[in-house]
Amino acid sequence: MKHYILLITSLLYLLDIHYSHAQLYTQSKAEKALQTYREELLGFRKEHPKKRNLPDAKFFFFGMGNRAKMFYKDGRIISLSDKRVIRRWKVKSTLIVPSEYLVHLELQDGRAVDIQEDETGVYVYENNLQIILAESPITLPTFSDKKFPSVLRTLHHELLVNIQDGKPLVNTIVYTKPWFKSAAIITMALKKTNNLPLVEAWIKGLNTPFDRNNNAGYAEADNLGQVLYMLSTVADKKHSLVTKILDEVDNFDKGGFIEGRTADMLPHAVYQTKWLKFGLKEMQLPDKYKIPSQYDSYSSLIWWDFQKDYVKGDQVDDNLALNSPQYVWAEDHFFKQNKGPISAREYPLTWEAEVNELKYESLGIIDQTLVDLRIAPTNAWQAAEMLLLLLE
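Position in the sequence shown counted from 1, then plus 1022, gives you the numbering used here.
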């Protein structure tokens, strides 16, 4: 009998199944956690009333940091990489509690199942067993000293779930490569929550000053400062890419400031020079550049420095705000205003829509409506901008 028990225990270990002496959540405990989140979200919406309606697709992503990506929907956990159904249940009721990284299931046979992610991994708790779906370390602050801790935890999830193989993507489903403009802001947020190790290898491995992700493949002048800043978080001025960046700066020098194309293919001399100056400062390199005194629609996106170097002009228009909300959240941070929109749903809180370069057909695995409306659920750049604003 002892040998039989030992054999069973060994098989469970090999299958990443471990004994768990209690279910994590009862139905009432899960309901209470969800109610706390809903009440806090209601208070947040009173301060930030702008919203966008997203499709009524009930799902939840798992796989924060560099863990395997998966999602729960309709009684199934599905792998995003190969569309494989990892586990399935006959479900009587489902509670998704975004702030606790939790899906609580009440099954038709009377049993309960918890799917939860924490600082160590993604786990299923079923029949007093813990089943490991993914494991690797991340840091998950509770934000308990902030006004909206539950909202912050959800935003942090929407940031971390889009880290893919060490790369800071805006969305792990519709993006295949990081854009340096968004990666720099995501890096800023990861630094704030002590999660820089998740992208450290990717940053150190950069070997070009430009991402060239735009359709024309042009070098974007703002990339120079963005890459300098990212390098400064994990390396020093001896990194081999620093010299390449400084050499490239001369190609954009307009006599005391830099100017070239940005992702929209337009010149943004103020924005580009601000990024360069910030990168030089963070890398502790000499800076001979001055910010030109002129209007630049992107100037207010740099909210953390050079606030006095702003010439008044139009702000982000409503259409861009609803499709790419990260821009207006950055403006909110700069102008100390509350115009940034948030999803009208409990989850996800962030999104991006109608971006020409993105492959929205990949979202069909979650819900065809997302494909038809060209909306990517979760936006790590928006999540980072919101998180950095709320943490002040």
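Cβ atoms here follow ideal geometry from the backbone N, Cα and C, with glycine treated the same way.
Since we're looking at a predicted model, the values are computed, not measured.
* The alpha helix (DSSP H) with residue 1222 in it runs from where to where? -> Start and end: 1222-1226.
* **Cβ neighbours of residue 1356 in the same chain (closer than 6 Å, five flanking residues each side left out)** => Around residue 1356: 1322, 1325.
* Asked: Helix, strand or coil for residue 1181 per DSSP?
  -> In this structure, DSSP gives residue 1181 a helical state, which the three-state scheme calls helix.
* **Spatial neighbours of residue 1281 in its chain, beta-carbon cut-off 7 Å, leaving aside the 5 residues before and after** => The residues are 1243, 1274, 1289, 1291, 1294.
* So, residue 1161 versus residue 1139, is the Cβ gap smaller than 9 Å? -> No, these two residues do not count as a Cβ contact at 9 Å.
* Which word fits residue 1316, buried or exposed, when buried means at least 16 other C-beta atoms lie within 10 angstroms of its C-beta? -> Per the 10 Å Cβ criterion, exposed.
* In three-state DSSP terms, what is residue 986? -> There is no way to answer for residue 986, as the model of the chain reaches only from 1023 to 1414.
* Chain-order list of residues whose beta-carbon lies under 7 Å from that of residue 1257 (same chain, five-residue window excluded) -> The residues are 1226.
* Is residue 1220 near residue 1228, with beta carbons less than 9 Å apart? -> No, Cβ-Cβ distance for residue 1220 and residue 1228 is not below 9 Å.
* **Supposed close pair residue 1441, residue 1146 - CB separation, criterion 8 Å** => Any question about residue 1441 goes unanswered here, given that the chain covers just 1023 to 1414.
* Whole-angstrom C-beta distance between residue 1370 and residue 1399, which should lie under 8 Å -> The pair is a contact, with the Cβ atoms about 5 Å apart (cut-off 8 Å).
* Asked: CB-CB under 8 Å to residue 1033, same chain, minus the five flanking residues each way: which ones, in chain order?
  -> In this prediction, residue 1033 has a pLDDT of 42, which is less than 50 and means its spatial position is unreliable; what the coordinates show is noted afterwards. If we look at residue 1033 and ignore the five residues flanking it on each side, it has no Cβ neighbours.
* Rounded straight-line distance, which links the Cα of residue 1051 to that of residue 1133 -> So the two alpha carbons sit approximately 15 Å from each other.
* With DSSP as the reference, please indicate the residues paired to residue 1268 in a beta bridge. => DSSP lists no partner for residue 1268.
* Which of helix, strand or coil does DSSP assign to residue 1281? -> Note: residue 1281 maps to coil in three-state DSSP.
* To do: Flag this pair as yes or no: are the beta carbons of residue 1123 and residue 1179 separated by less than 9 Å?
  => Yes; because the gap between Cβ atoms is below 9 Å, this pair is in contact.
* So is residue 1354 buried or exposed if we call it buried at 16+ other beta carbons inside 10 Å? -> By the neighbour-count rule (16 or more Cβ atoms within 10 Å), residue 1354 is buried.
* Below 9 Å between beta carbons: does that hold for residue 1381 and residue 1196? -> Yes, they are a contact pair.
* **Cβ shell of residue 1024 (< 6 Å), same chain only, five flanking positions each side left out** => Any answer about residue 1024 is weak, because its pLDDT of 44 lies below 50 and its placement is not dependable; what the coordinates show is given next. For residue 1024, there are no CB contacts under 6 Å within the same chain when 5 residues up- and downstream are skipped.
* Can you give me the start and stop residues for the alpha helix (DSSP H) that residue 1338 sits inside? => First-last for residue 1338: undefined, no H or E at that position.
* Identify every residue that forms a DSSP beta bridge with residue 1092. => Partner(s): 1084, 1101.
* Selected residue, minimal CA-CA separation from residue 1314, among 1304, 1217, 1298 -> Distances from the alpha-carbon of residue 1314 to those of 1304, 1217, 1298 put 1298 closest.
* Asked: Mind checking whether residue 1366 and residue 1192 have CB atoms under 9 Å apart?
  -> Contact flag unset, no.
* Asked: Can you list, in chain order, the residues of its chain whose CB lies under 6 Å from that of residue 969, leaving out five sequence neighbours each side?
  -> Past the edges of the chain, shown from 1023 to 1414, lies residue 969, and the structure says nothing about it.
* Please name the residue, chosen from 1101, 1119, 1332, that lies closest to residue 1057 on a Cα-to-Cα basis. => The residue with the shortest Cα to Cα distance from residue 1057 is 1119.
* Asked: What are the boundary residues of the alpha helix (DSSP H) that residue 1214 is part of?
  -> Looking at the DSSP string, the run of the alpha helix (DSSP H) that includes residue 1214 is 1202-1214.
* **residue 1077 versus residue 1393: straight-line alpha-carbon distance, rounded** => About 10 Å.
* Asked: So which of 1121, 1116, 1240, 1092 has the shortest CA-CA distance to residue 1107?
  -> Comparing Cα-Cα distances from residue 1107 to each of 1121, 1116, 1240, 1092, the minimum goes to 1092.
* Where does residue 1033 sit, in a helix, a strand or coil, going by DSSP? -> Caution is warranted here: a pLDDT of 42 is assigned to residue 1033, below 50, making its placement in the model unreliable, and the coordinate value is therefore given only provisionally. Reduced to three states, the DSSP call for residue 1033 is helix.
* Please list the segments of the alpha helix (DSSP H) lying wholly inside the stretch 1132-1189, counting only runs of 4 or more residues, in order along the chain. => With a minimum length of 4 residues, the continuous alpha helix (DSSP H) runs that stay inside the stretch 1132-1189 are 1171-1182.
* Asked: Just curious, the beta strand (DSSP E) that residue 1106 is in, first and last residue?
  -> Counting along the chain, residue 1106 falls outside any beta strand (DSSP E), and DSSP gives it neither H nor E.
* With a 10 Å radius around its C-beta and 16 neighbouring C-beta atoms as the bar for buried, classify residue 1137 as buried or exposed. => Result: buried.
* Asked: Going by other Cβ atoms of all chains shown within 10 Å of its Cβ, with 16 needed for buried, is residue 1143 buried or exposed?
  -> Residue 1143 is buried by the Cβ-count criterion.
* In three-state DSSP terms, what is residue 1354? -> Here residue 1354 sits in helix by DSSP.
* Tell me whether the beta-carbon of residue 1173 lies closer than 9 Å to the beta-carbon of residue 1413. => In this structure, residue 1173 sits away from residue 1413, with a CB-CB distance that is not shorter than 9 Å.
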